[in-house]
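Peer 1: Please find one structure pasted underneath; my questions will follow.
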DNA sequence: CACATATTTCAAAAAGTTTTGAAACTTCCG
DNA sequence: CGGAAGTTTCAAAACTTTTTGAAATATGTG
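Residue numbers (my numbering), protein chains in the order written: chain A, 3 to 202; chain B, 3 to 202.
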């Protein structure tokens, strides 16, 4: 496989800055990171993003890229890319650890904040694009509703109506995301819980 | 107003014209089906599922597999597979057309019903798996919380707490999906609209 | 029944995505 | 400055998913 060598270098004896001592994941960590990886993959991210985040989330201390490489058996390149992607999503932060020159990483632990950020950036953009496209389609349909050909007219009218439905659905989705994000800035969980009780 | 040929947009720039009169997509159809395809792909389905569904949704009459093949420039195999997949998701139905022996297809036009069905079958399963995995991880952690080694104990406690947070989030998600599905059976749109007004 | 046409299936090809590993780069330290 | 350790980059390889096209199958009709 791959020649891993690290044993010798930790002679430094910095008292409290640790490389993890148990390099292997506990079963609970393995299970959770695997499951989060799948959930998140399903949701459109890379599995490794979920796994790396989970390991960090369950770790008491920040971890180095090397720690993660070992824990998850990834290449250094994969770790680096995954971390920087997670960083771009704002779900993992670099932590400066005194007395050690390598970078350490820790996970955002405010779950709700994290989720709302992702919704806001990723989902919202997609929904907004759709809204725009639907609006344009409606505009392009407008002249056809006055066509001399009654078949064309009928078709244009039907399409206009249906695209309008899609547009409304998309707007509803956008509002939902907006609401989520806005309220997440406060403290969403109780609120959502409250909302879910109402349906009656 | 000119019909748009999907294939013409793809790289080659060679618009291989085929279709008979009336089979081409209008620009509004092309744009909408493209956008729905992307939205849905983003959401984990195949792009063609979104495109086929959209074309059906915007068509006044049911279409045959052949019609779709032409409109979207797909192979017959692709159309067949896409349609049967859409059928399995219950978003497209076969329609019997008198005096024609080929099958015709039409799209589910109750958007909300459609969406809630998909949520129910696909998302819920995934969330439920996650809940199960988290619960199991908590159980496996239990004995470690009584470990003689204080480091192990501390670590186990931290993990226990964090996995509990994940579990609660997952349960919240599940409840949200449940609520969506339940209320969608009635008439969800107004309800959701109502819910979204509250947060203030 | 034989025919023509419609539909499904499926192995192989194409397209797309993720991971790797080695080289280039950066930073810190003596 | 020179070197050691850590990090990033990126082209190529491995892997995954999607699409194709042709053969197999099914179905209604004369």
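Don't be surprised by glycine CBs; every beta carbon is placed ideally from N, CA and C.
Predicted, not measured: the structure shown is a model, and the values here were computed from it.
On the three-state DSSP scale, how would you describe residue 37 of chain A?
Peer 2: Residue 37 of chain A: helix per DSSP, three-state reduction.
Peer 1: If you measure from the beta carbon of residue 46 of chain B to each beta carbon in chain A, is any gap under 8 Å?
Peer 2: Output row for residue 46 of chain B: interface = yes.
Peer 1: For a test of the three-state rule: what should DSSP assign to residue 48 of chain B, helix, strand or coil?
Peer 2: Residue state, collapsed to three classes: coil.
Peer 1: Does the separation of the CB atoms of residue 94 of chain A and residue 109 of chain A fall below 8 Å?
Peer 2: Yes, the Cβ-Cβ distance between residue 94 of chain A and residue 109 of chain A is below 8 Å.
Peer 1: With which residues is residue 96 of chain B paired in a DSSP beta bridge?
Peer 2: DSSP output for residue 96 of chain B lists B/107 as bridge partner(s).
Peer 1: If we cut at 8 Å on Cβ distances, does residue 23 of chain B have a partner in chain A?
Peer 2: Reliability fails at residue 23 of chain B, whose pLDDT of 42 lies under 50, so the model's placement of it is uncertain and the value that follows must be treated cautiously. Chain A, which has no Cβ nearer than 8 Å to the Cβ of residue 23 of chain B, makes this no.
Peer 1: Determine, using beta carbons only, whether residue 123 of chain B comes closer than 8 Å to chain A.
Peer 2: Chain A, which has no Cβ nearer than 8 Å to the Cβ of residue 123 of chain B, makes this no.
Peer 1: Does DSSP put residue 58 of chain B in a helix, in a strand, or in coil?
Peer 2: Helix.
Peer 1: Between residue 54 of chain A and residue 136 of chain B, which are expected to be in contact by the criterion C-beta below 8 Å, what is the C-beta distance as a whole number of angstroms?
Peer 2: Residue 54 of chain A to residue 136 of chain B, Cβ: 18 Å. No contact.
Peer 1: Measuring alpha carbon to alpha carbon, tell me which residue in A/140, A/170, A/176, A/169 is nearest residue 159 of chain A.
Peer 2: Closest option to residue 159 of chain A, Cα to Cα, is A/140.
Peer 1: CB residue 82 of chain B to CB residue 67 of chain B, shorter than 8 Å?
Peer 2: In contact: residue 82 of chain B and residue 67 of chain B (Cβ atoms closer than 8 Å).
Peer 1: So what's residue 178 of chain A in DSSP terms, helix, strand or just coil?
Peer 2: Three-state result, residue 178 of chain A: helix.
Peer 1: Among A/155, A/126, A/100, A/161, which has the Cα closest to the Cα of residue 172 of chain A?
Peer 2: It is A/126.
Peer 1: Classify residue 64 of chain A as buried or exposed, calling it buried when 16 or more other Cβ atoms lie within 10 Å of its own Cβ.
Peer 2: Result: buried.
Peer 1: Look up residue 65 of chain A in the DSSP assignment and say whether it is helix, strand or coil.
Peer 2: Looking at residue 65 of chain A - three-state DSSP - the assignment turns out to be strand.
Peer 1: So with CB distances below 8 Å, who are the chain A contacts of residue 50 of chain B?
Peer 2: Correct list: empty, because the minimum Cβ distance to chain A is about 17 Å.
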